[in-house]
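**Q**
Set out below in structure tokens:
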């Protein structure tokens, strides 16, 4: 290989190294070793080139950017120095033995076989994962999107929205405009590019006119944008003007196409949900009757906070995360994630209003009823007496009274059959 090509490869290698994962120490040393071999070879070739120049000969036309490649700060990876310094004063041989162990005793052919076999195993795992996702319960996608949003920082989005509210003091009309204009902003980021292409009939029938009239007056219509809006409506319904994203469908769309999106688009897909959620929260504050639409959605992002449903939701899920429940549950799959999903699904069911109203005066009774229904559903061990459950749950001092709620009275509640039917579906 000519020196120009080697220099380019060396430079590209440094760029690649800069993006190596920090937790893959086994890659760092081999990379550094390869640099020592490559740079020594390059310098040998350059020395020969200089000797030829002195003899007024030239064997190769330089195919490099001299301005770039004559400044070492343009070439060296800062990460390389950090990584090598962090490894301390051990010799390369010591580090290799620690990192690779018995692999160092393999022949090159055996090493290839090891890599091949484990790469084949990786492909088999990925095939199973792909199949598992194709047949996964819809709530898996909902739970992931909700958890992702909960675990990440959206402070910039929230601050921008609060700033807008501060200067607007939004009434209903302003919230409607804000909703549509924020949707427009994200659709223009091309986040619907991999959604199913709608038919001409759907494009013509979609409620585009009502969306368009709330956009900025200088917005220029395009057929591409109208198609993108129609695609988005495959994942969202409109209730009294309020957009509600179906996270089952939206989550599947993300999982299926995530790898194809640019990094900025990946963030935008979640920012859209966060933004719409902020707007919906204010919509419900102005028109509390709209909360019924949120309660009918299997969508954790239609927040229960600041609603009457939040207190029972929060305390029921926390109750089912206690040590007493872990000791009395019939299966380990009834874990903390299940507790979150169960409490939310219960409060979003058709019985959410009734439970929330009863909670105001009889919170402990509601807890007992829920525990009793879960026991009847086979989630809690049937061999444990109701009084014993009341005692270990530590919710009421008068365990026998609480035990009564766990028993017969719990089965008289209108949501008893719902819990029995759905407790295992989550």
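In the working numbering, the protein residues as written are 505 to 930.
Each residue gets a CB set at the ideal place from its N, CA and C atoms; glycine is no exception.
Remember, it's a predicted structure, so these values are computed and weren't measured experimentally.
At what residues does the alpha helix (DSSP H) containing residue 896 begin and finish?
**A** Within the chain shown, the letter at position 392 stands for residue 896. Note, residue 896: alpha helix (DSSP H), 890-897.
**Q** Could you compute how far the alpha carbon of residue 881 sits from the alpha carbon of residue 811?
**A** As a position in the chain shown, residue 881 is number 377, starting the count at 1. As a position in the chain shown, residue 811 is number 307, starting the count at 1. Between residue 881 and residue 811, the C-alpha separation is close to 28 Å.
**Q** How far does the alpha helix (DSSP H) with residue 791 in it extend, from its first residue to its last?
**A** For this step, residue 791 is matched to residue 287 along the chain shown. Note, residue 791: premise wrong, no alpha helix (DSSP H); not H, not E.
**Q** Over the uninterrupted beta strand (DSSP E) stretch that includes residue 746, give me the two end residues.
**A** As a working note, residue 746 is residue 242 in the chain shown. Taken as a continuous stretch (DSSP letters only), the beta strand (DSSP E) holding residue 746 covers 746-749.
**Q** Of the choices 896, 584, 817 and 553, whose alpha-carbon is the least far from that of residue 540?
**A** Counting from one through the chain shown, the residue named residue 540 turns up at place 36. For the residues 896, 584, 817 and 553, the minimum Cα distance to residue 540 belongs to 584.
**Q** Relative to the C-alpha of residue 716, which candidate in 683, 695 and 694 has its C-alpha closest?
**A** For this step, residue 716 is matched to residue 212 along the chain shown. With distances taken between Cα atoms, residue 716 lies closest to 683.
**Q** I'd like to know whether the C-beta atoms of residue 893 and residue 875 end up nearer to each other than 9 Å.
**A** Position 389 of the chain shown, counting from 1, holds the residue named residue 893. Position 371 of the chain shown, counting from 1, holds the residue named residue 875. Going by C-beta atoms, residue 893 is nearer than 9 Å to residue 875.
**Q** Which partner residues does residue 741 have in the DSSP bridge list?
**A** Position 237 of the chain shown holds residue 741. In DSSP, residue 741 forms a bridge with 748.
**Q** Restricting to Cα atoms, I'd like to know which of 635, 569 and 588 is closest to residue 522.
**A** Looking up residue 522 in the chain shown gives position 18. With distances taken between Cα atoms, residue 522 lies closest to 588.
**Q** Assuming residue 734 contacts residue 702 under a Cβ cut-off of 8 Å, what Cβ separation, rounded to an integer in Å, is found between them?
**A** In the chain shown, residue 734 corresponds to position 230, counting from 1. In the chain shown, residue 702 corresponds to position 198, counting from 1. Confirmed, about 5 Å.
**Q** Quick check: the Cα distance between residue 549 and residue 562, rounded to an integer number of angstroms?
**A** Residue numbering aside, residue 549 sits at position 45 when the chain shown is read from its first letter. Residue numbering aside, residue 562 sits at position 58 when the chain shown is read from its first letter. Distance between the alpha carbons of residue 549 and residue 562: 12 Å.
**Q** For a test of the three-state rule: what should DSSP assign to residue 803, helix, strand or coil?
**A** Along the chain shown, read from residue 1 onward, the residue named residue 803 stands at position 299. The predicted position of residue 803 is uncertain, since its pLDDT is 45 and thus under 50; a value taken from the coordinates is nonetheless stated next. In the structure shown, residue 803 sits in coil (DSSP, three-state: anything other than H, G, I, E or B).
**Q** So is residue 592 in contact with chain D if we call contact Cβ pairs under 9 Å?
**A** Of the chains in the structure shown, none is chain D; there is only one protein chain.
**Q** For residue 844, does the count of other Cβ atoms within 10 angstroms reach 16, so buried, or fall short, so exposed?
**A** Here residue 844 corresponds to residue number 340 of the chain shown, with the count starting at 1. That one is buried.
**Q** Could you name the residues of the same chain whose beta carbon sits closer than 7 Å to that of residue 918, not counting the 5 residues immediately before and after it, in chain order?
**A** The residue labelled residue 918 in the question sits at position 414 within the chain shown. Result list for residue 918: 855 and 858, in chain order.
**Q** Would you kindly check if the distance between the Cβ of residue 573 and the Cβ of residue 511 is under 9 Å?
**A** Stepping through the chain shown from its first residue, residue 511 is reached at position 7. Stepping through the chain shown from its first residue, residue 573 is reached at position 69. For residue 511 and residue 573, yes; Cβs fall inside 9 Å.
**Q** Does the beta-carbon distance from residue 645 to residue 530 come in below 9 Å?
**A** For the purposes of this step, residue 645 is identified with residue 141 of the chain shown, where counting begins at 1. For the purposes of this step, residue 530 is identified with residue 26 of the chain shown, where counting begins at 1. No, they are not a contact pair.
**Q** List, from N- to C-terminal side, the alpha helix (DSSP H) runs of 4 residues or more that fit wholly inside the stretch 659-692.
**A** Counting only runs of 4 or more, we get 659-672 and 676-691.
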